[in-house]
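Numbering (my numbering), first residue to last: 199 to 502.
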């Protein structure tokens, strides 16, 4: 199922299902969205704070459910990631979401919701910028093109000045899943684990030392999840390097050993994740990846 494409004048519902974001930043983001021609509707608890969380679990999940139930809301956008969405999964009513399909967007910790909503409701979700994003021109264009004009097949690719590398083949097709590597691993062994069977798996992360990236990829190898994939898209790994590597493998060495050794088509340096530009990706969409050209070809609409 697809959410309705966003048009000028439509309403974006703002929720904080994860970590707390400074109220001033949320308000500035709302002004920015209003300036783009959209209306906004604030969740009741988007300014709450409970330790490292944006309020109590029951309040955060209630805001989320309310936005899907609200007929005035056309899209649901998260304020930020951080930590906390996994705490909501057992509290969510996925039937409500399934009966009220809408664009749902965010990234980082929101990975848990993006993939769970796709798996449980068969609704395409969007790995996209949030209210804590500083929109550069390319990031904004990717975001708006996807949610407003994604009702026909289209192609996603890096800016012309940022190249990609590819290995182990030129083409692969399948449904696109994934997001933040830490979240993908944290869902293993749960009813909300990302289903990688015959999928194209997108992976990105931030602030993780190389050995932690190694550990998480190894966990996915041991679980069998990486071997089930048809191919990989490696996004941005921001601040995952070290000043020296006297006692460490480099990130490239880890990717070569843990990913490329699986002999599946792999795209490296795709610009989606915690850095900029930040490309919007539809989670659950049928895609064909041209690894040689660094292009993700959408084979179907992602909004209606």
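All residues carry an ideal CB built from backbone N, CA and C; glycine is no exception.
{"query": "Within 9 Å, strictly: CB atoms of residue 425 and residue 396", "result": "no"}
{"query": "Paired residues, beta bridge with residue 268 - DSSP", "result": "DSSP lists no partner for residue 268."}
{"query": "Cβ contact (3+ pairs, closer than 8 Å) linking the stretch 312 to 331 and the stretch 477 to 497", "result": "yes"}
{"query": "Straight-line gap, residue 386 to residue 242 (C-alpha atoms, nearest Å)", "result": "32 Å"}
{"query": "Coil, strand or helix - residue 450 by DSSP", "result": "helix"}
{"query": "Residue 210 vs residue 259 beta-carbon contact at 9 Å", "result": "no"}
{"query": "Extent of the continuous alpha helix (DSSP H) run through residue 331", "result": "Careful: residue 331 lies outside any alpha helix (DSSP H) and carries neither H nor E."}
{"query": "Coil, strand or helix - residue 253 by DSSP", "result": "coil"}
{"query": "Burial state of residue 261 (16 or more Cβ within 10 Å)", "result": "buried"}
{"query": "Cβ pair count under 8 Å reaching 3, the stretch 213 to 220 against the stretch 246 to 254", "result": "yes"}
{"query": "Alpha-carbon to alpha-carbon, residue 332 and residue 275", "result": "15 Å"}
{"query": "Backbone secondary structure at residue 281 - three-state DSSP", "result": "coil"}
{"query": "Per DSSP, the bridge partner or partners of residue 276", "result": "213"}
{"query": "Residue 456 classed as buried or exposed, judged by whether at least 16 other C-beta atoms fall within 10 angstroms", "result": "buried"}
{"query": "Closest by C-alpha distance to residue 367, when choosing among 264, 431, 230 and 277", "result": "431"}
{"query": "Status (buried if at least 16 other CB within 10 Å, exposed otherwise) for residue 295", "result": "buried"}
{"query": "Helix, strand or coil at residue 390 according to DSSP, with G and I counted as helix", "result": "coil"}
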